[in-house]
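Asker: Structure provided below as structure tokens; questions to follow.
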């Protein structure tokens with residue numbers, strides 16, 4: 009129902025417009041792509057999802073999702089044919105199977121190749137001294153053998169199957185061009201935290217260098233991260249609360265994105281909490297603890313270093329778990345001959361440990377979020393077609409520099425700039441979307457070849473007088489049948 013002032017008015021999906029506020033209650037289907045502004049609900053996140061998730065304020069829902077329990081107020085982001093789940097399937101101006109280059113290849117071949125081959129066949133008949141009736145028969149037979157509906161539409165069939173396969177997994181492509189570009193990918197770059205990793209680190213260890221205590225180290229870190237909402241801050245705050253440790257009254261805090269935090273402790277001493285790069289920036293030596301730091305990083309942990317008064321006093325070891333489906337996501341890329349690349353702000357040893365666990369050989373460690381756009385461009389400069397997997401807004405710089413951007417949990421949101429958008433944060437399905445686009449592109453080309461080859465062979469045989477013009481078009485039916493049967497087997 010549409011919210012009008014303090015009242016609610018029934019409204020059909022076709023009557024909704026972007027910017028309008030609606031109320032969606034339990035048992036109702038979401039009529040448009042929306043952003044939730046109040047409430048929370050258990051939902052089936054897309055049509056036919058077969059799974060349930062909790063959605064709340066700030067998150068988005070796509071048209072076709074169903075509210076199972078609860079209620080939400082939401083603002084319409086996209087309506088009508090602009091909705092994510094119908095853009096490439098229902099809009100005649102944007103349907104992928106009509107305008108994607110892979111889908112159009114067979115149609116172009118039928119429209120141009122048929123007349124060209126008919127002309128060649130007619131000239132061959134003339135050169136052989138055939139009568140005009142025979143020449144016309146050759147021309148008609150050649151045209152009928154190549155310019156068939158099977159040749160024209162088999163590529164569109166494979167593209168359509170690819171788009172539908174992605175939609176069944178909760179993935180929408182921004183446009184037919186985005187689908188086509190995804191099929192050309194040669195490198196898949198993961199912004200590690202929040203894609204391959206859960207993005208929910210836990211405090212796994214606390215190390216003390218000197219005369220302090222673990223509680224004091226945790227207190228300093230909790231004070232430095234007070235008020236922050238990023239995953240590391242949440243992990244430290246939770247650990248301090250669970251251990252009954254009170255955060256130090258750190259003041260004059262300055263956050264340095266990708267590096268850490270500097271400030272002043274309650275005792276008036278300079279405090280720095282963050283990475284090796286931050287310690288280097290603050291001219292704080294870490295050589296005495298290097299062996300222990302390297303050991304922790306080799307275990308896949310992130311070392312959060314703590315320095316007071318220009319002296320390293322301790323560290324907090326953070327462990328982030330693998331996101332479900334991370335290994336499957338990497339395997340999808342490997343099976344599609346796409347090289348996986350790991351991009352992270354963590355130290356090399358931490359990245360190498362993660363890479364080993366996922367069979368990723370190519371790592372790009374210690375890359376700050378603001379610098380990842382340049383890193384993606386360097387990958388592309390080598391001639392690669394780069395797809396980036398990330399989350400908006402945290403990875404916007406990297407996503408914006410990619411040839412193909414894949415944004416988790418972004419489908420239905422007001423921002424529709426990313427090439428591939430997921431209704432959930434399932435990284436396995438994100439990689440599947442790239443793999444299925446590549447497979448659809450390959451199968452479309454092979455399908456056209458299978459459909460047209462018998463007809464071309466028949467025309468060539470007819471041109472040398474070894475086959476009757478009456479039989480030649482029948483070979484086109486053989487090609488079409490083989491192509492359709494092949495597409496059926498590929499879609500299973």
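Residue numbers (the working numbering): 9 to 500. Ideal Cβ placement from N, Cα and C applies to all residues, glycine included. Just so it is clear, the structure is predicted and the values come from calculations on it, not from any experiment.
1) Considering only their Cβ atoms, is the gap separating residue 486 from residue 462 smaller than 8 angstroms?
2) By Cβ distance below 6 angstroms, which residues in the same chain neighbour residue 484 in space, the five residues on each side in sequence not counted?
3) Using the Cβ count rule (16 or more neighbours within 10 Å means buried), how would you classify residue 45?
4) Residue 96: buried (16+ other C-beta within 10 angstroms of its C-beta) or exposed?
5) Work out the CA separation of residue 282 and residue 319 for me, nearest whole Å.
6) Is it true that the stretch 213-220 meets the stretch 321-335, where meeting means three or more beta-carbon pairs spaced less than 8 angstroms apart?
7) Could you tell me the distance, in whole angstroms, from the CA atom of residue 310 to the CA atom of residue 325?
8) By DSSP's criteria, residue 11 is part of a beta bridge. Which residues make up the other side?
9) Quickly, what does DSSP pair residue 217 with across the bridge? List them, please.
10) What are the residues that DSSP puts in a beta bridge with residue 415?
11) Would you report the Cα separation of residue 488 and residue 56, rounded to the nearest angstrom?
12) Alpha carbon to alpha carbon, how far is residue 446 from residue 94?
13) Grouping DSSP H, G and I as helix and E and B as strand, with all else coil, what is residue 348?
14) Per DSSP, residue 371 is paired with what?
15) Check residue 32 in the structure and name its three-state DSSP category.
16) Going by C-alpha to C-alpha distance, which of 420, 456, 475, 473 sits closest to residue 181?
17) Report the three-state DSSP secondary structure of residue 186 (helix, strand or coil).
18) Give the straight-line distance between the Cα atoms of residue 139 and residue 388, rounded to the nearest whole angstrom.
19) Within 10 angstroms of its Cβ, does residue 203 collect 16 or more other Cβ (buried), or is it exposed?
20) Alpha carbon to alpha carbon, how far is residue 386 from residue 132? Give it in angstroms, no decimals.
Answerer: The relevant details are as follows:
1) By 1-based counting over the chain shown, the position of residue 462 is 454. By 1-based counting over the chain shown, the position of residue 486 is 478. Their beta carbons are under 8 angstroms apart, which means residue 462 touches residue 486 by this criterion.
2) Here residue 484 is taken as the residue at index 476 of the chain shown, counted from 1. Excluding positions up to five away in sequence, the list reads 153, 156, 463.
3) Taking the first residue of the chain shown as position 1, residue 45 is located at position 37. Exposed.
4) Counting from 1 along the chain shown, the entry for residue 96 is found at position 88. Counting Cβ neighbours within 10 Å, residue 96 comes out buried, since at least 16 surround it.
5) Taking the first residue of the chain shown as position 1, residue 319 is located at position 311. Taking the first residue of the chain shown as position 1, residue 282 is located at position 274. Whole-angstrom Cα-Cα distance: 13 angstroms.
6) yes
7) As a position in the chain shown, residue 310 is number 302, starting the count at 1. As a position in the chain shown, residue 325 is number 317, starting the count at 1. For residue 310 and residue 325, the distance between alpha carbons rounds to 6 angstroms.
8) Along the chain shown, read from residue 1 onward, the residue named residue 11 stands at position 3. For residue 11, which the question treats as bridged, DSSP gives the partners 16.
9) Translated into the one-based positions of the chain shown, residue 217 becomes position 209. DSSP lists no partner for residue 217.
10) For the purposes of this step, residue 415 is identified with residue 407 of the chain shown, where counting begins at 1. 398, 429, per the DSSP bridge assignment.
11) In the chain shown, the residue the question calls residue 488 occupies position 480. In the chain shown, the residue the question calls residue 56 occupies position 48. If you take the alpha carbons of residue 488 and residue 56, they lie about 32 angstroms apart.
12) Here residue 446 is taken as the residue at index 438 of the chain shown, counted from 1. Here residue 94 is taken as the residue at index 86 of the chain shown, counted from 1. Cα to Cα, residue 446 sits roughly 21 angstroms from residue 94.
13) Counting from one through the chain shown, the residue named residue 348 turns up at place 340. It is a strand residue.
14) As a working mapping, residue 371 is identified with position 363 in the chain shown. DSSP output for residue 371 lists 350 as bridge partner(s).
15) In the chain shown, the residue the question calls residue 32 occupies position 24. If DSSP states are grouped into helix, strand and coil, residue 32 belongs with the strands.
16) Counting from one through the chain shown, the residue named residue 181 turns up at place 173. Considering only alpha carbons, the answer is 420.
17) Here residue 186 refers to the residue found at position 178 when the chain shown is read from its first residue. Residue 186: helix per DSSP, three-state reduction.
18) One-based indexing of the chain shown puts residue 139 at position 131. One-based indexing of the chain shown puts residue 388 at position 380. Approximately 59 angstroms, taken between the alpha carbons.
19) The residue given as residue 203 occupies position 195 in the chain shown. Residue 203 should be labelled buried.
20) Residue 132 sits at position 124 when you count from the first residue of the chain shown. Residue 386 sits at position 378 when you count from the first residue of the chain shown. Cα-Cα distance, rounded: 54 angstroms.
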